[in-house]
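Q: If you scroll down you'll find the structure; I have some questions about it.
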DNA sequence: TTGGGCTGAGAGAGCGCTCTCTCAGAAGGG
DNA sequence: CCCTTCTGAGAGAGCGCTCTCTCAGCCCAA
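Below is the structure:
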């Protein structure tokens with residue numbers, strides 16, 4: 003009733019276990035007719051190698067931990083990027099026959115759990131998706147002797163290779179677009195400043211405003227729709243004459259559009275709005291949202307390749323992917 | 003340089019490997035002072051059990067496959083329910099120290115891969131998230147000698163316990179609400195008929211209409227926003243005098259609202275709209291969407307409990323969770 | 001005092017696999 | 001024709017752990 007072992011395959015094929023193993027692992031030093039006999043036996047018995055036994059001796063597990071370290075705001079969990087990243091990374095890893103072990107690290111308790119698990123050598127490598135700056139996980143994992151890559155630049159300077167999009171450049175693109183279309187009073191709704199994306203996108207905004215001799219008008223949100231609505235109301239109160247706003251992500255931009263509508267401002271006539279991320283919903287806002295697209299899928303696959311490269315002693319250099327301005331109707 | 007083994011712990015504590023193992027596994031038959039010595043040794047050496055070795059002998063892996071069998075339309079991947087289900091299930095499984103192995107089964111090739119993997123005994127159980135009817139995976143997996151539970155009733159009759167929400171009842175709730183508010187010509191935008199959700203929600207609609215002596219007006223979408231918009235236009239063409247529409251999911255309802263707006267119909271004055279799912283976006287449509295809420299998180303955790311119960315020889319009865327009408331402004 | 005029952009701890013087998021070492025036999029060179 | 005080289009295949013150790021079996025030592029009743 004038990005699953006067949008290599009021993010059984012060997013017996014059936016009339017060879018030794020070692021030879022059967024060689025066939026299973028595709029070594030060339032097996033005579034064709036013997037290989038065929040073994041393959042037939044494998045097929046007949048429905049043999050599947052026992053991975054526990056295999057990794058016990060090889061010291062490899064062929065599985066990769068995908069650690070999602072979620073910020074307290076939970077914005078990430080509702081973020082469509084979340085599933086896209088996980089999906090893309092999974093597809094890529096499955097293509098090279100690596101298992102994906104999904105781990106959530108939201109509480110300190112689960113942090114400890116993840117650390118213990120990784121330290122336990124259950125996985126060959128770690129892909130870390132961590133978004134908020136105070137996260138102790140990047141530095142904790144970098145101390146372990148396990149290859150780790152990060153989706154997004156870690157907020158604390160730590161020696162982990164990462165893949166990120168050009169947040170600063172993207173924000174510059176957005177604001178420069180507003181400048182070039184003649185907007186004078188360009189505000190921003192920034193993201194949380196303990197997240198890299200929040201920081202960098204604000205930096206990009208500031209850089210362009212400084213260079214174009216405009217005053218910066220800043221409100222801060224937390225990447226949720228509501229916070230975008232609140233921040234927009236606040237900006238309108240602070241400076242009723244503003245004629246453009248760069249919002250650090252699309253979710254907040256949706257909220258901002260709502261507040262603008264409620265305040266009776268026409269978009270883009272009175273106020274131009276540019277978002278960031280190009281989420282699906284950006285196409286369906288009223289008016290459709292001009293935004294910055296960054297290549298989520300590419301970022302995920304680049305992360306996988308970076309990690310796989312690490313296994314073979316490849317370079318540990320960060321990868322920065324370009325962003326792109328998508329012009330719709332809001333600006 | 004290698005990770006410490008149980009042998010090392012035993013040596014340091016001055017006991018046998020067997021005793022060290024007893025302590026690690028929390029057996030009571032160890033004298034307190036010896037237990038302490040072992041625990042100290044574990045701590046000092048930073049010992050973590052090797053799971054490969056352990057599962058080699060216990061024949062357990064303590065990991066669960068979360069198989070996402072995606073319909074070709076890819077609607078699921080953009081569905082916010084996707085991440086909610088995965089997240090909830092993960093949290094629940096991690097609480098009982100089970101690993102989550104995420105597997106995507108989108109192509110026939112990856113189907114084979116998943117089957118091979120499951121057959122290989124790499125996991126103790128399978129949670130199957132499969133949405134479209136033609137999926138061969140449920141029946142394939144049910145043949146394997148591995149506990150399997152399904153998120154949502156499998157479309158083909160197959161002997162897998164599942165957790166689902168009451169799609170029929172939910173649809174009835176929605177349509178009955180429209181009837182009770184005096185709507186006369188109630189149309190529906192149904193979901194794909196090769197998905198259980200699509201079928202059942204249409205059934206619920208038909209049941210109530212029949213009982214209340216109204217004619218059914220049906221258009222079919224594929225659960226995407228666009229298809230909802232298209233279907234709505236079609237319905238308006240078919241029966242310009244319709245005064246209500248039950249849409250089988252919120253995504254399509256968003257599209258329908260758009261088409262209604264474009265056609266100059268006021269919601270809910272001219273046409274009442276009820277959706278299904280209560281996704282986040284339903285709160286922010288214009289007007290906010292009346293819809294049917296089903297407990298996604300509860301469904302996911304119930305699925306986990308069902309699977310864990312199976313391990314202990316628990317019942318394999320399907321679990322059906324109730325739905326709830328959420329009244330906003332669209333109906 | 002002696003024997004039986006019980007408790008706590010060790011010895012050792014074995015889970016299924018890989019991989020080194022060894023060796024038989026064929027091929028090739030002097 | 002013999003010795004060396006090479007190739008293909010087997011023997012066997014051992015990865016780190018669990019768990020059964022065994023047994024030493026203790027307590028208590030007879």
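Residue numbers (the numbering used here), protein chains in the order written: chain A, 3 to 333; chain B, 3 to 333. Glycine included, every Cβ here is placed at the ideal spot set by N, Cα and C. Just so it is clear, the structure is predicted and the values come from calculations on it, not from any experiment.
1) How would you label residue 35 of chain A, buried or exposed, when you count the other beta carbons within 10 angstroms and need 16 or more for buried?
2) Helix, strand or coil, according to DSSP, for residue 166 of chain B in the structure here?
3) For a cutoff of 8 angstroms on Cβ pairs, would you count residue 19 of chain A as touching chain B?
4) Does DSSP put residue 334 of chain B in a helix, in a strand, or in coil?
5) Thinking just about the alpha-carbon of each residue, which of A:166, A:8, A:47, A:72 is nearest to the one in residue 56 of chain A?
6) Quick one: what does DSSP say residue 104 of chain B is sitting in, helix, strand or coil?
7) Compare the C-beta of residue 77 of chain A with all C-beta atoms of chain B and state if any pair is closer than 8 angstroms.
8) Would you say residue 266 of chain B faces chain A, with C-beta separation under 8 angstroms as the test?
9) Please confirm if residue 214 of chain A has its CB atom under 8 angstroms from at least one CB of chain B.
10) May I ask you to report which of helix, strand or coil DSSP gives residue 313 of chain B?
11) Starting from residue 146 of chain A, trace the alpha helix (DSSP H) in both directions and tell me its first and last residue.
12) Where does residue 286 of chain A fall in DSSP's three states?
13) May I ask you to report which of helix, strand or coil DSSP gives residue 307 of chain A?
14) Between residue 49 of chain B and the rest of its own chain, which residues show a CB-CB distance below 6 angstroms, the 5 nearest in sequence each way excluded?
15) Per the DSSP calculation, residue 134 of chain A is bridged to which residue(s)?
16) Does DSSP put residue 225 of chain B in a helix, a strand or coil?
17) From residue 284 of chain B to residue 37 of chain B, what distance separates their C-alpha atoms?
18) Determine the contact status of residue 305 of chain A and residue 119 of chain A, defining contact as a CB-CB distance below 8 angstroms.
19) Exposed or buried, which one is residue 254 of chain A when buried takes at least 16 other CB atoms within 10 Å?
20) Using the beta-carbon count (16 or more within 10 Å), is residue 52 of chain B buried or exposed?
21) Going along the chain, which residues of the stretch 241 to 268 of chain B sit with their C-beta nearer than 8 angstroms to a C-beta in chain A?
22) Alpha carbon to alpha carbon, how far is residue 124 of chain B from residue 65 of chain B?
23) Short of 6 angstroms in beta carbon distance, which residues of its chain neighbour residue 127 of chain B, apart from the five on each side in sequence? Order them along the chain.
24) Taking only runs that begin and end inside the stretch 28 to 72 of chain B, name each unbroken alpha helix (DSSP H) of 4 or more residues, in chain order.
25) Measure the alpha-carbon distance for residue 186 of chain A versus residue 246 of chain A and round it to whole angstroms.
26) Please report how far the alpha carbon of residue 202 of chain B lies from the alpha carbon of residue 268 of chain B, in whole angstroms.
27) Under the three-state reduction of DSSP, which class applies to residue 244 of chain B: helix, strand or coil?
28) Using a Cβ-Cβ cut-off of 8 angstroms, state whether residue 296 of chain B counts as contacting chain A.
29) Around the Cβ of residue 40 of chain A, are there at least 16 other Cβ atoms within 10 angstroms (buried) or fewer (exposed)?
30) With a Cβ-Cβ cutoff of 8 angstroms, do residue 324 of chain A and residue 168 of chain A count as a contact?
31) Whether or not the stretch 192 to 211 of chain A and the stretch 164 to 179 of chain A are in contact is what I'm after, with contact meaning three or more pairs of Cβ atoms, one per stretch, closer than 8 angstroms; do they touch?
32) Are the Cβ atoms of residue 297 of chain B and residue 163 of chain B separated by less than 8 angstroms?
33) Along chain B, which residues have their Cβ under 9 angstroms away from the Cβ of residue 123 of chain A?
34) Out of B:225, B:322, B:314, point me to the one whose CA is closest to residue 194 of chain B's CA.
35) For the candidate residues A:97, A:101, A:31, whose alpha-carbon lies nearest to that of residue 62 of chain A?
36) Would residue 327 of chain B pass as an interface residue toward chain A - the criterion being a Cβ-Cβ separation below 8 angstroms?
A: According to the structure shown:
1) exposed
2) strand
3) no
4) No information on residue 334 of chain B is available, as it lies outside the stretch 3 to 333 that chain B covers here.
5) A:8
6) strand
7) At residue 77 of chain A, the pLDDT of 48 sits below 50, so the modelled position is not reliable; the number obtained from the coordinates is stated separately. By this cut-off, residue 77 of chain A is not an interface position.
8) no
9) no
10) helix
11) Looking at the DSSP string, residue 146 of chain A is not in any alpha helix (DSSP H), and its letter there is neither H nor E.
12) coil
13) helix
14) 6, 11
15) A:197
16) coil
17) 57 angstroms
18) no
19) buried
20) buried
21) 256, 260
22) 8 angstroms
23) 66, 149, 309
24) 34 to 47, 53 to 60
25) 8 angstroms
26) 29 angstroms
27) coil
28) no
29) buried
30) yes
31) yes
32) no
33) 5, 50, 52, 53, 54
34) B:225
35) A:101
36) no
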